[in-house]
Amino acid sequence: MHSQMKTRREAVAGMFYEADPAHLQQQVDALLDGAPQRALPLPRGLIVPHAGYRYSGATAAAAYRCLLGAAGKLRRVALLGPAHRVYLQGMALPADEAFATPLGTVPLDRGAMDQVARLPGVCIADEAHRQEHSLEVQLPFLQRVLGEFALVPVVVGHCPPRQVADVIDALGAMADTLLVVSTDLSHFHDYTTANRLDSRTCEKLLAHESGLSGDEACGAAVLNGLMASSLIQSLHISQLQRCNSGDSGGDRERVVGYGAFALH
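Per the numbering used here, the sequence shown starts with residue 12, numbered consecutively.
Right under this line is the structure:
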């Protein structure tokens with residue numbers, strides 16, 4: 012890839028996932044190999060968590076496993092996740108031309124991004140992307156299952172559902188496009204409370220309910236936009252896996268919830 016291409020460098024390699032390319036490939040492939048195989052059609056979209064792979068990697072892999080065999084069929088990934096590192100009003104696209112991971116560089120779809128940039132609530136803000144992990148941790152999985160694809164990365168801040176829905180519908184109308192929504196579930200409750208809250212949140216998602224709060228999912232703004240979109244009206248949501256950090260060796264007094272879903 013041309014050395015002059017403006018590229019976002021990986022920010023959380025070595026923390027959220029392995030920094031060494033060979034080790035990262037082994038890490039992702041082992042998670043995918045360990046995920047249950049389901050007889051589902053190729054999804055139009057996925058909802059996946061974004062913690063360190065030690066905690067949520069197996070849950071994310073349950074969703075990405077649905078894409079095995081999809082290489083060459085999906086040319087574009089629209090990836091939306093919540094802002095964690097900066098205060099953001101609206102939604103942010105980067106000015107970058109590519110995103111890098113230890114597994115290589117993913118080109119951004121500037122044509123699709125130019126269309127999205129014209130929608131209400133959307134700005135260009137590299138600083139919203141520079142340290143953001145909610146999008147970055149999805150890329151190694153996508154690289155392993157899809158191989159070559161173009162990316163449209165959108166960080167979502169404080170934003171009305173209708174504006175998010177308009178972005179999702181614009182991207183969903185593009186051919187050969189996979190929608191990936193990055194969100195964790197509840198944060199910092201004890202294990203039993205988190206299971207109860209997350210179970211109810213998952214029921215809401217399966218019923219296409221909107222009005223989720225940030226206490227239920229850190230990506231509530233993205234999920235509420237998804238539920239307000241025209242795209243979701245014709246799709247079924249399947250729950251693939253749910254757990255929390257207490258299931259993967261974390262402190263059970265203070266857990267984060269994770270869920271994986273397919274939209275088809």
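The beta carbon of each residue, even a glycine, is placed where N, CA and C say it ideally should be.
A residue is called buried when at least 16 other Cβ atoms come within 10 angstroms of its Cβ; Q244 does not meet this threshold and is exposed.
With 16 or more neighbouring CB atoms inside 10 Å of its own CB, L242 falls in the buried class. Under a 10 Å Cβ-count criterion, Y28 is classified as buried, with 16 or more other Cβ atoms of the shown protein chains found around its own Cβ. For P93, the three-state secondary structure derived from DSSP is strand. Between P172 and A232, the gap from beta carbon to beta carbon is short of 9 Å. By the Cβ neighbour-count rule, L217 is exposed, with fewer than 16 other Cβ atoms within 10 Å of its own.
By the CB criterion at 9 Å, V156 and R76 fall inside the cutoff.
Per the Cβ contact rule, the segment 131-139 is not in contact with the segment 188-207 (fewer than 3 Cβ pairs under 8 Å). Here the segment 254-271 makes contact with the segment 65-83; the two share three or more CB pairs at distances below 8 Å. One alpha carbon belongs to H169, the other to G260, and they sit about 32 Å apart. S193: member of the beta strand (DSSP E) spanning T188 to S193, first to last residue. At the C-beta level, D195 and A228 come within 9 Å of one another.
By the Cβ criterion, the segment 112-130 is not in contact with the segment 41-52, since fewer than three pairs of Cβ atoms, one from each stretch, lie closer than 8 Å. By alpha-carbon distance to S221, the top candidate from A109, G101, L237 and R211 is L237.
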